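Worksheet: one structure, shown below.
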Amino acid sequence: MDPMVLDNIDIVLVEPRGPGNVGSTARALKNFGMSRLVVVNGPRLNHPQATAMAVKAGDLLRSARTTEALPEAIADATFVIATTAKRRYRLPTLRPREAGERIVEQAARGRVAILFGREDHGLDDAELRLAHETIAIETAPGCRALNISQAVLLIAYEVWLAAGSRGAVADSDPGRLITADMRHRLESELLDTLKDVGIMHDGNDIACEQSIQRLMTLGPMQTRDSRVLFALARRIRELMRSMDHPDR
């Protein structure tokens with residue numbers, strides 16, 4: 000097993016409810032060789048409950064990264080996958096075993112972010128739209144909700160198994176894929192271009208935004224492909240400006 004693959008995986012907790020859950024999550028990660036924990040708008044990480052539950056994983060709590068918003072938490076990720084209790088939104092959905100293999104495959108190429116939502120209602124649609132794919136953790140009808148640390152433990156175990164059986168080696172050029180932050184900038188560039196050419200207007204702005212978001216999450220995008228789209232969008236806007244001011 001190549002430890003660099005596991006080091007390329009961020010476990011992102013979105014608004015966890017209690018410090019004990021964060022501590023239990025740190026312990027689950029430690030069990031399966033992971034160390035990168037990110038908490039979005041969560042409780043204080045040095046809370047006594049968090050420390051008590053993070054048995055032998057206090058170092059993960061101390062090194063955990065905290066952010067106020069999800070886009071900041073995944074800014075450097077080249078592949079984002081979100082957990083959900085059922086199939087939601089129009090994204091490819093994997094079972095945990097398939098997801099473990101997919102995560103290891105992508106972690107050998109760049110940074111992976113695995114999103115875990117709130118215990119009472121998970122991730123909302125806007126947050127799911129930031130992901131390339133989803134993981135559906137199916138449970139019994141009478142008790143669908145998992146404790147967040149239980150969900151993390153389940154996925155971490157599958158990743159650990161996949162990493163061990165694959166023996167993946169991290170890619171020597173992790174910059175080959177664009178990050179979530181770069182993807183967001185490209186989306187903005189394309190949307191601005193659609194506005195400039197008159198395709199996007201007040202009557203269809205939401206539909207256009209959703210179409211561009213779906214295009215951007217079809218799969219991880221290579222940097223060289225993003226450069227072509229950036230250049231295309233900017234060239235179209237330059238031509239539009241020259242048409243508006245032909246004497247310049």
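Numbering (numbering that gives the first Met the number 0), first residue to last: 0 to 247. Every residue, glycine too, gets a C-beta built ideally from N, C-alpha and C. None of the values given here were measured: they were computed from a predicted structure.
Cβ pair residue i, residue j closer than 8 Å
| i | j | result |
| --- | --- | --- |
| Arg108 | Leu176 | yes |
| Ala27 | Leu231 | no |
| Ser148 | Thr24 | yes |
| Leu256 | Leu69 | For residue 256 there is no data in the structure shown, the boundaries of the chain being 0 and 247. |
| Val54 | Gly41 | no |
| Val39 | Gly99 | no |
Reference residue i; option with closest CA among the options
| i | options | result |
| --- | --- | --- |
| Ile136 | Thr24, Ala144, Leu44 | Ala144 |
| Ala81 | His200, Gly99, Leu114, Leu60 | Leu114 |
| Met242 | Cys207, Val196, Gln221 | Val196 |
| Thr216 | Arg61, Ala76, Glu14 | Ala76 |
| Val37 | Ala53, Ala56, Leu60 | Leu60 |
| Cys207 | Glu186, Gln221, Asp224 | Glu186 |
| Ala106 | Phe229, Ser210, Ile10 | Ile10 |
| Thr66 | Arg240, Met239, Leu44, Leu189 | Leu44 |
| Gly19 | Asn30, Pro47, Asn7 | Pro47 |
| Glu118 | Asn146, Ala125, Val227 | Asn146 |
| Leu93 | His131, Asp58, Asp124, Arg110 | His131 |
Inter-residue Cα distance where the pair is residue i and residue j
| i | j | result |
| --- | --- | --- |
| Leu12 | Arg234 | 40 Å |
| Ser164 | Arg96 | 12 Å |
| Ile73 | Gly202 | 31 Å |
| Leu5 | Ala112 | 11 Å |
| Leu122 | Glu14 | 10 Å |
| Ile198 | Arg101 | 36 Å |
| Ala139 | His200 | 45 Å |
| Ala169 | Gln209 | Only weak support is given to the placement of Ala169: the predicted model assigns it a pLDDT of 48, under 50, and the value that follows is read from those uncertain coordinates. Distance between the alpha carbons of Ala169 and Gln209 is about 33 Å. |
| Ile134 | Leu193 | 32 Å |
| Glu104 | Arg240 | 43 Å |
| Tyr156 | Glu188 | 39 Å |
| Thr178 | Phe31 | 25 Å |
Residue i - DSSP class collapsed to helix/strand/coil
| i | result |
| --- | --- |
| Gly19 | helix |
| Thr82 | strand |
| Thr76 | The amino acid at residue 76 is misidentified as Thr; the sequence shows Ala. Reduced to three states, the DSSP call for Ala76 is coil. |
| Asp9 | strand |
| Gly163 | helix |
| Glu14 | coil |
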